[in-house]
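Using our numbering, the first residue of the sequence shown is number 16, and each one after it goes up by one. Comments concern the structure below.
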Amino acid sequence: MIIDAQSVKNTDTAEEKGYDAGKKVSGIKRHLAVDTLGLPHAIYVSTANVTDRTGALEAFSTKAASLTMLSNVIADSGYTGEDLADKVKELLNSSVTIVKRSEQHKFVVLPKRWSVERAFAWLEKCRRLWKK
16 MIIDAQSVKN
26 TDTAEEKGYD
36 AGKKVSGIKR
46 HLAVDTLGLP
56 HAIYVSTANV
66 TDRTGALEAF
76 STKAASLTML
86 SNVIADSGYT
96 GEDLADKVKE
106 LLNSSVTIVK
116 RSEQHKFVVL
126 PKRWSVERAF
136 AWLEKCRRLW
146 KK
């Protein structure tokens, strides 16, 4: 299972908005957990000010019953921390692997992370799925 979050602008009339200071975006944050084929298994939409770790735990807790066969969760450096690893171990009985960027300043495709980015691109085509 690969998890990632994406901050996007929301419509002006939206009821809930947050501000992601890291990306300087006012809107919502999409938390998406996919398998290696890019099929979504857990989705959580929150305001943009929710941290990646909190959103991941919310996404996993809503679908914990269907994720019983999960053995490993791959995440980027936004999910570092022992608290997330401990809670995922307790909730899903699986480990968390953090994939870090290379120190070089070149474009390098991170292993297996491209599938979650591709899933975000697929879902981006369907506007009604994300706008409130």
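C-beta atoms are modelled at their ideal positions from N, C-alpha and C, and glycine is treated no differently.
Rounded to the nearest angstrom, the Cβ distance from I18 to L47 is 7 Å, consistent with a contact under 8 Å. Using a Cβ-Cβ distance cut-off of 8 Å, the segment 51-58 and the segment 69-77 are in contact, since at least three pairs of beta carbons, one from each stretch, lie closer than that value. For the segment 30-102, the continuous alpha helix (DSSP H) assignments of 4+ residues that do not extend past its boundaries occur at 67-77, in sequence order. Counting every other CB atom within 10 Å of its CB across the protein chains shown gives D98 a total below 16, marking it as exposed. Judged by DSSP in its simplified three-state form, S109 adopts coil rather than helix or strand. Residue range W129 to E139 is occupied by the alpha helix (DSSP H) that includes V131.
Under the 8 Å Cβ criterion, the segment 102-117 does not count as touching the segment 33-52, having fewer than three qualifying pairs.
In the DSSP assignment, K24 forms a beta bridge with G42. For the 7 Å CB-CB criterion, G70 and R133 do not form a contact.
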